[in-house]
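Just so you know, we're using the numbering used here here: the sequence shown kicks off at 265 and counts up by one.
Backbone N, C-alpha and C fix where the C-beta goes; we use that ideal spot for every residue, glycine too.
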Amino acid sequence: MLYRKYRPQSFSQVVRQEHVVRTLEGAISSGRIGQSYLFTGPRGTGKTTLARIFAKALNCAEFGKKGAVVPCNACVACLAVNNGISLDLIEIDAASNRGIDEIRALKESAQVAAPSGGYKVFLIDEVHMLTKESFNALLKVLEEPPSHVVFILATTEPHKILTTVLSRVQRFDFKRITPGDIAGKLKSIARVEKIQIDDDALLAVAKSADGALRDAEVALTKIRSMIPSGQISLAQVSNVLGLIPYTYHPQFMGYLASGDKASAVALIHSIHDAGMDLEHFTKEFISYARGALLSRVNPTLSGSIEGPEAHNQFVTLASIDNDKLIKIINVFTLARSQIKFSPIPQLPLELAVMQL
Ligand SMILES: [Zn+2]
């Protein structure tokens, strides 16, 4: 799997979470290590990856040496973490170990010194899944942690974390990774792996991942296994990942702009007949229209959301004015919410076309 192979091993390789990296590196260089951290953010944004790098840095042989870059990824302790055999880093998946017994075992383990004599790091992933009883037991440990222990709690749902816990931890919010950033990382992987793939195809992979770098890397693995040789095109990627070809969006927009209702409706029918999900198509079309609107207000902004090439794809939409774009977005947002409840899935979209 590419995502395992290219998982960042040091702070500098982490994409997009500079605000977290800077603070953690600062803690390491100053030697002021907190005892409880909470990493929150959408899935696939690097929470456990960064937690492992931090844990590795704390027990790295270079830790505390002036001017050293940690983790060094060369000492025995670093290699143990990289190979998943470190006894100083204890990972608990709270989704499958949510009971009180696990937390009691954790509590006992926390009292015992780290085998290396350094820090013992507990990484509790999906911590919001713990039962209430377990959470209270965990809170007791967080209130008086042994000095050699560091807790890193990770969650995709911070609103489910008790405020009593929140008050005990240093919290970091991980950002969703932009399609542009994801495409950049995929491009560097493709280069090393000698995967020949068009830029617009990479961007489509990046967009389909919805901010989760890991999902994009998994998708790239899948594409490579399905298309082992030759130059990979956008059409092939769309096919492998079941994406709606994004040529449909400008095409549909063109019909709406020129008032060609018959062709717009025909396109809706052909998408539906091809077995593609209309709700998904509408979501992506709205996102496309939004990109077009944003690119007028601020081309840099749409570039950071949609990737560097984004602005160019909207040039052809010059004939639609902003008011019409806004109307299109509103009408189709409403239509999308109705698809699920409609006896005929195409109907809300057909009505939306008529209404414009
Ligand atoms: Zn090291």
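Note on geometry: alpha-carbon atoms of K311 and I356 lie some 14 Å from one another. Set against 7 Å, the gap from the CB of N337 to the closest heavy atom of ligand 1 is smaller. Excluding the 5 residues flanking it on each side, T597 has same chain C-beta neighbours closer than 8 Å at I550, in chain order. Checking the 7 Å criterion, the Cβ of E326 is within range of a heavy atom belonging to ligand 1. Linking L466 to V456 through their CA atoms gives a straight-line distance of about 15 Å. For ligand 1, a non-hydrogen atom lies closer than 7 Å to the CB of A341.
The alpha-carbon of A599 is positioned some 28 Å away from that of P563. Taking the Cα positions, S472 is about 8 Å away from L507. Following the DSSP letters along the chain, one finds I584 in no alpha helix (DSSP H), marked with neither H nor E.
By the CB criterion at 8 Å, A374 and V413 fall inside the cutoff. I354 has F386 as its beta-bridge partners, per DSSP. Out of G448, P443, H513 and T313, the CA that lies nearest to the CA of E548 is found in H513. I349 carries a coil assignment under DSSP once its states are collapsed to helix, strand and coil.
Going by DSSP, Q375 is part of the alpha helix (DSSP H) stretching over I364 to Q375.
By the Cβ neighbour-count rule, P335 is buried, with 16 or more other Cβ atoms within 10 Å of its own. Straight-line measurement puts the Cα of E481 at about 27 Å from the Cα of A556. Each residue's CA atom was taken as its position, placing T395 and R362 some 6 Å apart.
Relative to G305, the option among R440, L353, A499 and K404 whose CA is nearest is R440. By alpha-carbon distance to L613, the top candidate from S493, D587 and A528 is A528. The beta carbon of I364 sits closer than 8 Å to the beta carbons of T395, E397, S398 and A401 from its chain, once the five residues preceding and following it are set aside; these are given in chain order. Q434 has Y301 as its beta-bridge partners, per DSSP. Excluding five sequence positions before and after P609, the CB atoms of its chain that fall closer than 6 Å to its own CB belong to L542 and I603, given in chain order. N347 is classed as exposed because its beta carbon has fewer than 16 other beta carbons within 10 Å across all chains shown.
Around the beta carbon of R271, a 10 Å sphere encloses 16 or more other beta carbons of the protein chains shown; the residue is thus reported as buried. Around the Cβ of L351, a 10 Å sphere holds fewer than 16 other Cβ atoms; the residue is exposed. For F399, the enclosing alpha helix (DSSP H) begins and ends at K396 to E407.
In the three-state reduction of the DSSP assignment, L620 falls in the coil class. CA-CA distance, F303 to L417, rounds to 6 Å. Annotation for V617: K525, A528 and V529 place their beta carbon closer than 6 Å to its own, counting only its chain and skipping 5 residues before and after.
For I535, the enclosing alpha helix (DSSP H) has its first and last residue at K525 to D537.
Secondary structure of A418 (DSSP, three-state): strand.
If you draw a 10 Å sphere on the C-beta of V405, you find 16 or more other C-beta atoms in it, and that means buried. According to the DSSP assignment, E326 belongs to no alpha helix (DSSP H), since it is labelled neither H nor E.
Here R435 is not near G308, since their CB atoms are 8 Å or more apart. Residues F596, A599, R600, I603 and L613 of the same chain have their beta carbon placed closer than 8 Å to that of T546, with the five preceding and five following residues left out of the count.
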